[in-house]
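S.K.: First the structure, which I've put down as structure tokens, then a few questions once you've had a look.
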Amino acid sequence: MKWQAPIYPGDTPLDHPREECGVVGVYAPDSHSATLVSIGLFALQHRGQESAGVAAADQRQIRMHTGMGLVSEAFRDGDIDGITGGLAIGHTRYSTTGASRSANAQPLLVDGLNGPLAVAHNGNIINARQLREQIQAQWDCTFQTSTDSEVVAHLLANAPGENWPERVFHAMARMQGAFSLALLTPDAIIAVRDPLGIRPLCLGRLENGWVVASETCALDHMQAEFTRELEPGEVVVISADGVQAAIYQDSARRGRALCVFEWIYFARPDSVMDGQLMHTAREDMGAQLAREHPVDADLVIGIPDSSTSAAVGFARESGIPFANGLVRNRYVGRTFIEPEQQRRDRGVRQKFNPMPAVIGGKRLVVVDDSIVRGTTTPHVVDLLRRAGAAEIHLRVCAPPIKHPCYLGVDMATRGELIAANMTIPEIRELTGADSLGYLSVRGLMDLVHGQRGGFCDACFTGNYPVPVQLELTKQSLERAGT
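Residue numbers for the sequence shown, in full-length UniProt numbering: 1 to 482.
So this is what it looks like as structure tokens:
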């Protein structure tokens, strides 16, 4: 049984969906807000490792610094000392539209009819190509990047309206897709969540100001008190006039469609969404997986680190002991190019190391959060076999991923999704596992809907919350100039 998923420049050797961005905004007039933003970006490093940046304003002008790599690499000593001002936004990037290069790093700064505007964007705009053509014709804008985020920036910087909520709502009416935004003007921070609430965004209180961020873990690190999550279609403007909020009138009719992978994998375990700690939510998913796919085994291990919470839940429900049987090397880079399958295989061996003293002779339940391409799992199974595991029973805390995502997750064609091309028995044979069980769509959605409801599960079911017509990879968008 052979399976070869398409390999693109910039691919990583790990077989998980890739989130695209984290955003932070700070309004603290008496502070060096860029420093506080950088703290928040470190907390959101898991949401993007290709580039990072910060923009700050001091009532008169906007200053910026961006760099490639991790936050620690993008912000060297002294890099942001001169980025002064009490208002700031920041961004960590994993590209879904536009290549991984310095010109595409965010925040993006544009100047339009509404003055200078810096934009940090988490999401993906499906109709970016059409909007780009319309913007160029309508306002004669010059584009400096190949990202959909610059389309958003020019659209907002030139949108008609007497105030920022009016301008944002005008832009919302034209954009199709997912967007959580942190915007910066010379005198205001503006937080925006798309009408379906596909990507998360929350609001927090500082002693001397306010914070917006993709996840609550960033608020914790910034010592901000969580206030609430932004509602779908909500715009929050923070300025010297206070905090003003408005909601796009079409949002209530549409309902929420938060990406369910935020709960499965993307959000940090210590983040809270819908009042639920993500660690606990994943434990519950693991427990449900144990109920759906019981097995007689000696140990439960998780593929570190993202599957640990689910593995603990599986062990608790099944009564099988949990153990750390696989060690992850956290110092192997996440964004290096692996264009050849042989090099990708080597990357897996560098990333993980099994402990024979723990797993030797044992029947293992190996819990993973998801399988996208199926390029990593066979090598993990082989590593465990070589370390002496007697049996390996794979359990996956997400249903089979059969449909591409167009809303900000880097899995954009059916051809690269193993579950869209093979049956579960065929996937089990390919991986070399003794058994394979996926969490059911019903089991997953019953768990998450028990909190608030309103989730996008299109990658499992094909039921998209917005109209989708084309399969476009980030490489094809790059070639098209969007």
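No residue lacks a Cβ here, since even glycine has one placed at the ideal position from N, Cα and C.
Confirm, please, whether the CB-CB distance from I359 to L384 is below 8 Å.
M.R.: Their beta carbons are under 8 Å apart, which means L384 touches I359 by this criterion.
S.K.: Would DSSP call Y27 helix, strand or coil?
M.R.: Note: Y27 maps to strand in three-state DSSP.
S.K.: Could you give the DSSP three-state label for S72: helix, strand or coil?
M.R.: In the structure shown, S72 sits in a helix (DSSP, three-state: H, G or I).
S.K.: Can you tell me whether H449 is buried or exposed, with buried defined as 16 or more other CB within 10 angstroms of its CB?
M.R.: Exposed.
S.K.: Sort N463, L181, I320 by Cα distance to N122 and report the nearest one.
M.R.: Ranking the options by Cα distance to N122, first place goes to L181.
S.K.: Is the distance from the Cβ of E150 to the Cβ of L108 below 8 Å?
M.R.: Yes; because the gap between Cβ atoms is below 8 Å, this pair is in contact.
S.K.: Flag this pair as touching only if the region 79 to 96 and the region 133 to 141 have three or more C-beta atom pairs under 8 Å; answer yes or no.
M.R.: No contact exists between the region 79 to 96 and the region 133 to 141.
S.K.: By DSSP's criteria, G437 is part of a beta bridge. Which residues make up the other side?
M.R.: DSSP output for G437 lists R395 as bridge partner(s).
S.K.: Could you name each continuous alpha helix (DSSP H) segment of 4 residues or more that falls completely within the region 287 to 327, going from the start of the chain to the end?
M.R.: Correct list: 308 to 318.
S.K.: Below 8 Å on the Cβ atoms is my contact criterion, and I expect V152 with M175 to pass it. Report the Cβ-Cβ distance as a whole number of Å.
M.R.: With 8 Å as the limit, V152 and M175 qualify as a contact, their Cβ atoms being about 7 Å apart.
S.K.: Beta carbon of M64, beta carbon of A103: below 8 Å?
M.R.: Not closer than 8 Å, so no.
S.K.: Do Y27 and D410 count as a contact pair if the criterion is CB distance below 8 Å?
M.R.: No, these two residues do not count as a Cβ contact at 8 Å.
S.K.: Are the beta-carbon atoms of Q350 and N329 separated by less than 8 Å?
M.R.: In contact: Q350 and N329 (Cβ atoms closer than 8 Å).
S.K.: Nearest-angstrom Cα distance between D284 and P269?
M.R.: Roughly 13 Å between the two C-alpha positions.
S.K.: How would you write the range of the beta strand (DSSP E) that S180 sits in, first residue to last?
M.R.: Here the beta strand (DSSP E) through S180 covers 177 to 185.
S.K.: In this structure, how does DSSP classify Q341 when only helix, strand and coil are distinguished?
M.R.: Unreliable placement is indicated for Q341, whose pLDDT of 49 sits below 50; no coordinate value is reported for it.
S.K.: Across which residues does DSSP place I247 in a beta bridge pair?
M.R.: Per DSSP, E234.
S.K.: With distances taken between CB atoms, is the gap from V441 to F455 smaller than 8 Å?
M.R.: Their beta carbons are not under 8 Å apart, which means V441 does not touch F455 by this criterion.
S.K.: Would you decide whether P165 is buried or exposed? Buried here means 16 or more other CB atoms lie within 10 Å of its CB.
M.R.: Answer is buried; the Cβ neighbour count reaches 16.
S.K.: What does the alpha-carbon distance come out to for the pair A43 and G90?
M.R.: Using only the alpha carbons, I get a separation of about 12 Å.
S.K.: Rounded to the nearest angstrom, how far is the Cβ of A224 from that of L206, given a contact under 8 Å?
M.R.: About 5 Å; that satisfies the 8 Å criterion.
S.K.: To the nearest angstrom, report how far apart F336 and L417 are at their CA atoms.
M.R.: Residue placement at F336 is poorly supported in this model, since its pLDDT is 34, which falls under 50; the coordinates are not used for a value here.
S.K.: So the beta strand (DSSP E) C459 belongs to, where does it begin and stop?
M.R.: Note, C459: premise wrong, no beta strand (DSSP E); alpha helix (DSSP H) at 458 to 461.
S.K.: Output yes or no for whether 8 Å exceeds the beta carbon distance between C397 and A458.
M.R.: It is not a contact, given that the beta carbons lie outside the stated cut-off.
S.K.: Mapping DSSP to helix, strand and coil, what is P467?
M.R.: Residue state, collapsed to three classes: coil.
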